[in-house]
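Q:
Residue numbers (mature numbering (1 follows the signal peptide of the UniProt record, and there is no 0)): -34 to -1, 1 to 362.
1. Using CA atoms only, rank isn't needed, just tell me which of 264, 334, 285, 340 is closest to residue 279.
2. For residue 216, which residues in the same chain have their Cβ closer than 6 angstroms to its Cβ, ignoring the five residues on either side in sequence?
3. Mark residue 360 as exposed unless 16 or more other C-beta atoms lie within 10 angstroms of its C-beta, in which case mark it buried.
4. DSSP three-state call for residue 282: helix, strand or coil?
5. Consult DSSP for residue 234 and reduce its assignment to one of helix, strand or coil.
6. Write down every uninterrupted run of the alpha helix (DSSP H) in the region 274 to 339 whose length is 4 residues or greater and which is fully enclosed by it, in chain order.
7. If we ignore side chains and look at the alpha-carbon of each, how far apart do residue -11 and residue 308 end up?
8. If you run the structure through DSSP and keep just helix, strand and coil, what is residue 151?
9. Quick one: grab the DSSP three-state call for residue 108.
10. Could you give the residue range of the beta strand (DSSP E) that holds residue 208?
11. Identify, in the order they occur along the chain, each residue of the same chain with its Cβ nearer than 8 angstroms to the Cβ of residue 345, setting aside the five sequence neighbours on each side.
12. Residue 293 and residue 252 look like a contact to me (Cβ under 8 angstroms); what is the Cβ gap, rounded to whole Å?
13. Look up residue 188 in the DSSP assignment and say whether it is helix, strand or coil.
14. Under the three-state reduction of DSSP, which class applies to residue 116: helix, strand or coil?
15. Considering only DSSP beta bridges, list what residue 257 is partnered with.
16. Just checking my contact of residue 268 with residue 325 at CB under 8 angstroms: how many whole Å lie between their CB atoms?
17. Considering only the beta carbon of each residue, do residue 233 and residue 16 sit closer than 7 angstroms?
18. Counting pairs of beta carbons, one from the region 59 to 73 and one from the region 321 to 335, are three or more of them closer than 8 angstroms?
19. Could you check the C-alpha separation between residue 88 and residue 105 for me, to the nearest Å?
20. Taking the runs of the beta strand (DSSP E) that are 3 residues or longer, which of them lie wholly in the region 40 to 82?
21. Ends of the beta strand (DSSP E) at residue 213?
22. How is residue 354 classed by DSSP in three states: helix, strand or coil?
23. Give the secondary structure of residue 32 by DSSP, where H, G and I count as helix, E and B as strand, and everything else as coil.
24. Taking C-alpha atoms, which residue in 222, 283, 316 lies nearest to residue 263?
25. Measuring straight from C-alpha to C-alpha, what distance separates residue 143 and residue 28?
26. Taking 7 angstroms as the cut-off, decide whether the C-beta atoms of residue 139 and residue 148 are in contact.
27. Does residue 345 come out as helix, strand or coil in the three-state DSSP assignment?
28. I'd like the list of long-range same chain contacts for residue 351, defined as Cβ closer than 8 angstroms, with 5 residues on each side in sequence excluded.
29. I'd like to check one pair, residue 246 with residue 12: are the Cβ atoms closer than 7 angstroms?
30. Mapping DSSP to helix, strand and coil, what is residue 183?
Structure, rendered in structure tokens:
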């Protein structure tokens, strides 16, 4: 019989953690689709009138609803999310500052579409242009910042594509900073959701600009086109978009009760339709699901015997915090267990994988599996320790 022992669990909504030391694991694995089928005891997602949509929990990454999330689509002004991400990256690196001034070129001034109404030859602070990009969806402000950062818009687009690759946006390619149509300028609903998650996660302070409802420049006051900022206090971003080919699009993010949802609606018929669809998706997610942080990262979950080292107990844990999104009523049915599949012999390095943490539903369905790592390095012990442990291992 494999030994089990209990450990304190970080919150009361889940059963006690058990540790199982298994020398040879024969536990069957479950596919994520099978797990999803077992835990989905909630209504189907609402009917959405759009070409495509997706609803994702930003912390756990679980997709709660989707339709054609990987179909190639035109991003329109959702492009400015990546424009903003590159600008935020430059600000964080110290390559530009919010207060430095940008010379407005004729190309930026002449850019068609939605505008911040900058004038050629003027010098405008980065701070003002950034608000123009995010709040007013200004194509002129987008081009001005792109030229200021990279020298020209094409070079800036190359940086956008580098960031897309870094963020794991597998089906996106950008040719400009504004979102004006181009045959080689495309994305997917899923990629836009991942980009929205990255904006809120990687730049929490600068991300707050997305919640500002209006911006005035050159005596012209314009309002944020995301109508949900006025209707739903949980919504704090992100970006709207429209072209004739793309239709009406909206990436929205909302935060409530420790849960951040990101929704993307592509190809709606009008502003009202995209707003209604987005609200329906967010309401669905918050109504029927919860997200909980189950464990912290780099905090000991348990200790395990280590042989032939200068210590005999090794602390193990997770490299990063783990989150789980599940139907609200199922958190009291969760169980967790730890499995080690071999004896651990020194030397080991911090971060070496030593086992697995499994989160189960009713002890039957595998919901999540994460590697357990050693939280410190352990060198070889002295000669006597190695000989002594060798004898003990032989008879163990």
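Backbone N, C-alpha and C fix where the C-beta goes; we use that ideal spot for every residue, glycine too.
A: Walking through what the data contain:
1. A check of alpha carbon separations from residue 279 across 264, 334, 285, 340 identifies 340 as the nearest.
2. Closer than 6 angstroms at Cβ, skipping near neighbours: 206, 231, 240, 244.
3. With fewer than 16 other beta carbons inside 10 angstroms of its own, residue 360 counts as exposed.
4. Strand at residue 282.
5. Reduced to three states, the DSSP call for residue 234 is strand.
6. Fully enclosed alpha helix (DSSP H) runs of 4 or longer: not present.
7. Only weak support exists for where residue -11 lies, its pLDDT of 30 falling under 50; the value from the coordinates is given anyway. For residue -11 and residue 308, the distance between alpha carbons rounds to 7 angstroms.
8. Residue 151 falls in the coil class under three-state DSSP.
9. Three-state DSSP puts residue 108 in a helix.
10. Run containing residue 208: 201 to 209, per the beta strand (DSSP E) assignment.
11. For residue 345, same chain residues with a beta-carbon under 8 angstroms away, outside a window of 5 residues either side, are 275, 276, 312, 313 in chain order.
12. Actually they do not touch by this definition, with Cβ atoms about 12 angstroms apart.
13. Here residue 188 sits in strand by DSSP.
14. When secondary structure is reduced to three states using DSSP, residue 116 falls in the helix class.
15. The partner list for residue 257 (beta bridge, DSSP) reads 291.
16. Your pair residue 268 and residue 325 does not check out as a contact, with CB atoms roughly 15 angstroms apart and the cut at 8 angstroms.
17. It is a contact, given that the beta carbons lie within the stated cut-off.
18. Under the Cβ criterion (8 angstroms, minimum of three pairs), the region 59 to 73 does not count as touching the region 321 to 335.
19. Roughly 16 angstroms between the two C-alpha positions.
20. As summarised for the region 40 to 82, the continuous beta strand (DSSP E) elements at least 3 residues long and confined to that stretch are 67 to 69, given in chain order.
21. Residue 213 -> beta strand (DSSP E) spans 213 to 222.
22. In the three-state reduction of the DSSP assignment, residue 354 falls in the helix class, which pools H, G and I.
23. Note: residue 32 maps to strand in three-state DSSP.
24. Checking every option, the nearest Cα to that of residue 263 belongs to 283.
25. Cα to Cα, residue 143 sits roughly 30 angstroms from residue 28.
26. Not closer than 7 angstroms, so no.
27. Residue state, collapsed to three classes: coil.
28. Spatial neighbours of residue 351 in its own chain (CB-CB distance under 8 angstroms, excluding positions within 5 residues in sequence) are listed in chain order as 274, 275, 276.
29. Contact: yes.
30. Residue state, collapsed to three classes: strand.
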